[in-house]
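Read through the structure below, which is laid out as structure tokens, and then see the notes.
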Amino acid sequence: VVGPVTACSAPEFEGGCPDRRRTNEGDGRTLKEVYKAGNLTVFASDCQSLAQQPVQLDFHFARGGQGIAHWHGILRDNAVFLDVPRLVLDFNSRESLAATLEYIEDKTEAERVFVNFSKSRRDRGDLLRTFGFLGFELMRPDDPALPLWEDAVFMVYPMEREVCPEQAEEILKTGLLKDQDEAMLLG
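For the sequence shown, the residue numbers in our numbering are 22 to 208.
Following this line, the structure appears as structure tokens:
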């Protein structure tokens, strides 16, 4: 099973990836600013010429006089993998995570967002509780969607995608919905 390419290298990173390298080392890809709104700036690798290659995403959230919260991630196969920054709970980075999730929902076609952090982190219990409270679910280490990292904890957040009327009509035409689902979509 091939997992996501790792995007970790920032000094604040304490995620679960074993080799702590950026994806753009040695492959010629550079990060470009692709989005800026409010306190959030998003940088992405240029992968247009590399079909089916993962895209590195770096989310930088300005926290006023407290600096910038960084979320490093990879977009691959309709999923985003995020490395949990060091001291994420101390910096009260809930706003940065919310902005990051909003960007992923609005600007990508990702169906799931995975966060990962090292099993040996001192704040592991707090991270499990906090992400669980925010709607993330703990993943089994042997899940085929995950990379084979022995020292990593993964949690997943399913993106809630709304079905537009055109999509609902197409679904109904293909007969994939039961009668009760049809009533819910059309009502």
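Even glycine gets a Cβ: it sits at the ideal position worked out from N, Cα and C.
Query: Buried or exposed: which applies to R107, given that a residue is buried once 16 or more other Cβ atoms fall within 10 Å of its Cβ?; Result: buried
Query: For L103, write down the residues that DSSP places opposite it in a beta bridge.; Result: G94, V136
Query: If we count the other Cβ atoms within 10 Å of its Cβ and call it buried at 16 or more, is Q87 buried or exposed?; Result: exposed
Query: Is the distance from the Cβ of A131 to the Cβ of M176 below 8 Å?; Result: no
Query: Any idea which residues DSSP pairs A58 with across the strands?; Result: L61
Query: Quick check: the Cα distance between D172 and L52, rounded to an integer number of angstroms?; Result: 28 Å
Query: Does the region 79-93 come close enough to the region 113-133 that 3 or more CB-CB pairs lie under 8 Å?; Result: yes
Query: Taking only the alpha-carbon atoms, compute the straight-line gap between G153 and R97 and give it to the nearest angstrom.; Result: 23 Å
Query: Take F138 as the anchor and find which of F64, G59, H93, P75 has the nearest alpha-carbon.; Result: H93
Query: Under three-state DSSP, which class holds E123?; Result: helix
Query: Looking only at its chain, what residues have a beta carbon closer than 8 Å to the beta carbon of T129, apart from the 5 residues adjacent to it on each side?; Result: L96, V101
Query: Tell me, which residues are paired with A83 by DSSP?; Result: I89
Query: To the nearest whole angstrom, what separates the beta carbons of V174 and K140, a pair I think is in contact under 8 Å?; Result: 5 Å
Query: How about I125 and V136: are their beta carbons less than 8 Å apart?; Result: no
Query: Let me know if R143 comes out buried or exposed under the rule of 16 or more other beta-carbons within 10 Å of its beta-carbon.; Result: exposed
Query: Mind checking L167: buried by the 16 CB within 10 Å criterion, or exposed?; Result: buried
Query: Need the endpoints of the beta strand (DSSP E) that F175 sits in, please.; Result: 173-179
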